[in-house]
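Visitor:
There are 2 protein chains.
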Amino acid sequence: MKFHSTVSHLLSGVATAHKSHLERRLGEISLHSGQVFLLMELWKRDGRRQVDLAGELNIAPPTINKTLTGLIDGGYVTRDRVEDDARSTRIFLTPAGVAVREKVEAQWLEIEEEILGELTEAERLILSELLSKLKHFYFGTEAE
Amino acid sequence: MKFHSTVSHLLSGVATAHKSHLERRLGEISLHSGQVFLLMELWKRDGRRQVDLAGELNIAPPTINKTLTGLIDGGYVTRDRVEDDARSTRIFLTPAGVAVREKVEAQWLEIEEEILGELTEAERLILSELLSKLKHFYFGTEAE
DNA sequence: CTTTGATTATTAGCCTGCTAATCAATAATC
DNA sequence: GATTATTGATTAGCAGGCTAATAATCAAAG
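Written as structure tokens, this is what we have:
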């Protein structure tokens, strides 16, 4: 059997390399990829609970918790307990957390250009569509 | 800026979900994804050094070393020192390491079907091609 | 009102990736 | 031949993913 020509194998290789690449490029602005993905979610709307953010990002609660600790140490977010439910915490952006968005956007654009530079305009659209399909498959079937 | 619609973001999400999915399905046959990727390389040709395997898999030497320890504990491979160079070790499959291939193949086919079931035949080909392109971008030139 | 069950955050521990730093052995140079 | 540089494996430690297990709180029955 030709394992190496399967889509699973190919996708895994690209996945690892892409994550690694992201880490390197985002490290230049002193952030880690997991932190950035969480920040992106908070820039959409902060004040949510950890469990909600985990659901949105399709990752497990302990992962959110660990990543959050790093962001708090970096001064980008706060973890506040609110009166409505003593179990949960609400995650808010600090001014620094809001401000760092500009730096992330610039870096993210560069990263995006690096990847897309390898593809034609048509390929970009097709890739986006196919990835969306896969994402829907994974997020859909496993979050239920 | 719409981070969520970038290819980088999309790819990262799919990457994480795919890895997670692989771990779960391979866990059913008591293996981890990293171990399986290393085994696949050894099934092609064993007896190579760690540094060569690392190069082939595009991962760092410490990662190979750790994964290997797990495979040795599982009884799938051996790490032998040979006379030609006292620094290096040679990695060989045990009979169990050869035998487990059958189980992995069956599971891998199922995993592959699950993913490809979401796509048409044309989409599969295009996806493979685009992923190969990205792989070459990240890894440089390496034909399979 | 009390017991039982769900939910939320957290901790501990594992796997897979990384870099940096060691150590031993080989290769290269003077 | 002695010194220096390079190479290969390893260790330590971090990030990001996971599951399992706790503790605390809230909700629901009884």
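If you're matching them up, the sequences are chains A and B in order.
Note that the numbering used here numbers the first sequence so that position 6 is -8, with each residue one more than the last.
Note that the numbering used here numbers the second sequence so that position 87 is 73, with each residue one more than the last.
Think of the CB as a built atom: it goes at the ideal place given N, C-alpha and C, for glycine as much as any other residue.
The beta strand (DSSP E) with V68/A in it runs from where to where?
Guide: Note, V68/A: premise wrong, no beta strand (DSSP E); not H, not E.
Visitor: Give the straight-line distance between the Cα atoms of E115/A and L(-4)/B, rounded to the nearest whole angstrom.
Guide: Those two C-alpha atoms are separated by around 10 Å.
Visitor: Enumerated in chain order, which unbroken segments of the alpha helix (DSSP H) with a length of 4 residues or greater are wholly contained in the region -9 to 79 of chain B?
Guide: DSSP runs (the alpha helix (DSSP H)) wholly in the region -9 to 79 of chain B: -7 to 13, 19 to 30, 36 to 43, 47 to 59.
Visitor: Compare the beta carbon distance of E104/B and F123/A with 7 Å and say whether it is the shorter of the two.
Guide: Yes. Within cutoff.
Visitor: Hey, how far is the Cα of D59/A from the Cα of T49/A?
Guide: Each residue's alpha carbon lies about 16 Å from the other.
Visitor: Quick one: grab the DSSP three-state call for T(-12)/B.
Guide: The sequence given here places Lys at residue -12/B; Thr does not occur at that position. Looking at K(-12)/B - three-state DSSP - the assignment turns out to be coil, as it is neither helix nor strand.
Visitor: By Cβ distance below 7 Å, which residues in the same chain neighbour K89/B in space, the five residues on each side in sequence not counted?
Guide: I15, listed in sequence order.
Visitor: If you draw a straight line from the C-alpha of S19/A to the C-alpha of K5/A, how long is it?
Guide: If you take the alpha carbons of S19/A and K5/A, they lie about 8 Å apart.
Visitor: Let me confirm a value: H7/B is counted as buried when at least 16 other C-beta atoms fall within 10 Å, else exposed. Which label applies?
Guide: The residue is buried, with at least 16 neighbouring Cβ atoms inside 10 Å.
Visitor: Interface residues of chain B around V37/A at Cβ under 8 Å?
Guide: Neighbours of V37/A on chain B: none; closest Cβ ~18 Å, over 8 Å.
Visitor: Helix, strand or coil: which one does DSSP assign to L105/B?
Guide: L105/B falls in the coil class under three-state DSSP.
Visitor: Does DSSP put G126/A in a helix, in a strand, or in coil?
Guide: Reduced to three states, the DSSP call for G126/A is helix.
Visitor: With 7 Å as the C-beta to C-beta threshold (strictly closer), list the residues of the region 76 to 94 of chain A near chain B in chain order.
Guide: Those residues of the region 76 to 94 of chain A that come within reach of chain B (Cβ to Cβ, closer than 7 Å) are E91, W94.
Visitor: In chain B, which residues lie less than 8 Å from S(-6)/A when you measure between Cβ atoms?
Guide: Per Cβ cutoff of 8 Å: H4, L8, W94, I97, E98, I101.
Visitor: For a quick check, are the C-beta atoms of V63/A and I45/A less than 7 Å apart?
Guide: Their beta carbons are not under 7 Å apart, which means V63/A does not touch I45/A by this criterion.
Visitor: Just to check my reading of the structure: L25/A and G83/A have Cβ atoms closer than 8 Å, yes? What is that Cβ distance to the nearest angstrom?
Guide: Sure, about 7 Å apart at Cβ, within 8 Å.
Visitor: Please tell me whether S74/B has its Cβ less than 7 Å away from any Cβ of chain A.
Guide: By this cut-off, S74/B is not an interface position.
Visitor: Taking the alpha carbon of V0/A as the point to measure from, which residue in Q36/B, S74/B, L43/B has its own alpha carbon closest?
Guide: For the residues Q36/B, S74/B, L43/B, the minimum Cα distance to V0/A belongs to L43/B.
Visitor: I'd like to know if T127/B contacts chain A, where contact means its C-beta is closer than 7 Å to some C-beta of that chain.
Guide: Model confidence at T127/B stands at a pLDDT of 43, short of 50, so the residue's coordinates are unreliable and nothing is read from them.
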